[in-house]
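>
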Amino acid sequence: MMMMQLNKVAASTGCRTLSTVTVTQTTATSKRLEDLRKQLAKDAETDSGTLHEFALEEAPKRKKAPPRSAKILPKPKWLKAQPAVSETYKELRTTVRELGLATVCEEAKCPNIGECWSGDQENDGSGATATIMIMGDTCTRGCSFCAVKTSRAPPPLDPNEPEKVASAITKWGLDYVVLTSVDRDDIEDQGSGHFRKVVQKLKEKDPNILVEALTPDFQGQLDFVEAVATSGLDVYAHNVETVERLQKRVRDRRAGYDQSLKVLEHVKQLNDVHCLTKTSLMLGLGETDEDIRATLRDLRSIDLDVVTFGQYLQPSKRHLPVKEYVTPEKYEEWQKEAEEMGFKYVASGPLVRSSYKAGEFFLKNLLREKQAERE
Numbered sequence: 003m004m005m006m007q008l009n010k011v012a013a014s015t016g017c018r019t020l021s022t023v024t025v026t027q028t029t030a031t032s033k034r035l036e037d038l039r040k041q042l043a044k045d046a047e048t049d050s051g052t053l054h055e056f057a058l059e060e061a062p063k064r065k066k067a068p069p070r071s072a073k074i075l076p077k078p079k080w081l082k083a084q085p086a087v088s089e090t091y092k093e094l095r096t097t098v099r100e101l102g103l104a105t106v107c108e109e110a111k112c113p114n115i116g117e118c119w120s121g122d123q124e125n126d127g128s129g130a131t132a133t134i135m136i137m138g139d140t141c142t143r144g145c146s147f148c149a150v151k152t153s154r155a156p157p158p159l160d161p162n163e164p165e166k167v168a169s170a171i172t173k174w175g176l177d178y179v180v181l182t183s184v185d186r187d188d189i190e191d192q193g194s195g196h197f198r199k200v201v202q203k204l205k206e207k208d209p210n211i212l213v214e215a216l217t218p219d220f221q222g223q224l225d226f227v228e229a230v231a232t233s234g235l236d237v238y239a240h241n242v243e244t245v246e247r248l249q250k251r252v253r254d255r256r257a258g259y260d261q262s263l264k265v266l267e268h269v270k271q272l273n274d275v276h277c278l279t280k281t282s283l284m285l286g287l288g289e290t291d292e293d294i295r296a297t298l299r300d301l302r303s304i305d306l307d308v309v310t311f312g313q314y315l316q317p318s319k320r321h322l323p324v325k326e327y328v329t330p331e332k333y334e335e336w337q338k339e340a341e342e343m344g345f346k347y348v349a350s351g352p353l354v355r356s357s358y359k360a361g362e363f364f365l366k367n368l369l370r371e372k373q374a375e376r377e
């Protein structure tokens, strides 16, 4: 190590003394500088051409990256819904807006809104079906397949909603209506009392109207289930959504396969309740044929009346991806198999949803027959 030291200078200059200043230079610093000089010299010797020549050289061609595996499957041709352009559709939409109502058809981005809201256009739109979503448009749960917005603390219930809904249905002149709701785990009775009031108000205004209620699971609390089931409705629907094996991946952690089965079973066991029970299965989430058959057997074991099959469609990139687009032919096979198992009514097809064409002629007749038997 080289060291240069300025010797301490102590000079009495009246009242001031100069301090010692030491400057140290290590051999390591000198070595780094020397190595840098050598590298620059070497680069100068091996460099060919000027900067201008370098700039004129053709840039190396970059290899095309291999294609990434597609996470979103392309939709097949058979998934084509009817456009929403009819006058009946426009009339229903206007009424929904005027009364500040929410429909699951819109909130869940259902592809069948044009068909269901239009009804039979050859008969002045008769048979139109709208699914009214009560208790707000914000759910307390977050299922991986659902497009409805979520919050731990949704806005409070609208006490005037039963009257609003009944007024809308009366104005539309519908003979079959489907009511559904978001989950309201934030409310003491989870909204079961409110649901009951809406059904009762509808029946009060029109005793002949057929009402289907697509309900939450009410966390499996059967007294809440009973409050809705005994409200006068005609069809009690609650969706198991998917096969047992995929429940945890598809549904909110507070939902469950066994819990849903118990809800539907309890409705069938109630005295003086004559409504049909109904559930729906989404296909294309990775289920196997045996998964589906096992689910159908479970549903028949609780004497379920109506089952529907439909294609799962991914609402956005943050939702579960589609694993498979099930063919129309396969849906026909499932319909035949389910009917042979003893279900009273089966709707099966790529665009079928839980409340899809709920007011179909056959289902209406089935309900009318049950009413006649009671009388």
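With our numbering applied, the sequence shown has no gaps in its numbers, which climb one by one up to 377 at the end. Beta carbons: idealized from backbone N, C-alpha and C, even for Gly. Just so you know, these numbers come straight off a predicted model, no measurement behind them.
(1) For E342 and L301, I'd like the C-alpha separation in whole angstroms.
(2) Hey, quick one: how far does the alpha helix (DSSP H) through V200 stretch, first residue to last?
(3) Can the beta-carbon of V354 be found closer than 8 Å to that of G286?
(4) Straight-line CA distance for V265 to G193?
(5) Is I136 helix, strand or coil by DSSP?
(6) Hey, could you find the ends of the beta strand (DSSP E) E190 is sitting in?
(7) Taking only the alpha-carbon atoms, compute the straight-line gap between T142 and K151 and give it to the nearest angstrom.
(8) Indicate whether the contact test is met: 3 or more Cβ pairs, each with one atom in the region 245 to 262 and one in the region 201 to 211, closer than 8 Å.
(9) Once the 5 residues before and after T217 are set aside, which same chain residues still bring their CB inside 6 Å of it?
(10) Would you please state the rounded distance, in angstroms, between the beta carbons of E228 and L272? I believe it to be under 8 Å.
(11) Go through its chain and collect everything with a Cβ distance to T140's Cβ below 8 Å, but skip five positions before and after it.
(12) So, V200 versus E243, is the Cβ gap smaller than 8 Å?
(13) Tell me which residue opens and which closes the alpha helix (DSSP H) that A168 is part of.
(14) On a Cα-Cα basis, can you pick out the residue from R34, L38, L35, L369 that is closest to E2?
(15) Which one of D236, F147, M284, V180 has the shortest CA to CA distance from K319?
On the basis of the supplied data:
(1) Here residue 342 refers to the residue found at position 340 when the sequence shown is read from its first residue. Here residue 301 refers to the residue found at position 299 when the sequence shown is read from its first residue. When rounded, the distance between both Cα atoms is 14 Å.
(2) In the sequence shown, residue 200 corresponds to position 198, counting from 1. Taken as a continuous stretch (DSSP letters only), the alpha helix (DSSP H) holding V200 covers 194 to 207.
(3) Counting from 1 along the sequence shown, the entry for residue 354 is found at position 352. Counting from 1 along the sequence shown, the entry for residue 286 is found at position 284. In this structure, G286 does not lie closer than 8 Å to V354 by Cβ.
(4) As a working note, residue 265 is residue 263 in the sequence shown. As a working note, residue 193 is residue 191 in the sequence shown. Taking the straight line from one Cα to the other gives about 16 Å.
(5) Within the sequence shown, the letter at position 134 stands for residue 136. Strand.
(6) To locate residue 190, count along the sequence shown from 1; it is residue 188. Looking at the DSSP string, E190 is not in any beta strand (DSSP E), and its letter there is neither H nor E.
(7) As a first step, residue 142 must be located in the sequence shown, where it is residue number 140. As a first step, residue 151 must be located in the sequence shown, where it is residue number 149. About 9 Å.
(8) no
(9) Here residue 217 is taken as the residue at index 215 of the sequence shown, counted from 1. V230, H240, listed in sequence order.
(10) Reading the sequence shown from its first residue, position 226 is the one you call residue 228. Reading the sequence shown from its first residue, position 270 is the one you call residue 272. In this structure, E228 and L272 form a Cβ contact; the two beta carbons are roughly 6 Å apart against a cut-off of 8 Å.
(11) In the sequence shown, counting from the first residue as 1, residue 140 sits at position 138. So the list reads V150, K151, T152, S153, P156, P157, V184, once near-sequence residues are dropped.
(12) The residue you call residue 200 lines up with position 198 of the sequence shown. The residue you call residue 243 lines up with position 241 of the sequence shown. Going by C-beta atoms, V200 is not nearer than 8 Å to E243.
(13) Here residue 168 is taken as the residue at index 166 of the sequence shown, counted from 1. Element bounds for A168: 163 to 174.
(14) Residue 2 is absent from the model: the chain starts at 3 and stops at 377.
(15) Here residue 319 refers to the residue found at position 317 when the sequence shown is read from its first residue. Among D236, F147, M284, V180, the Cα nearest to that of K319 belongs to F147.
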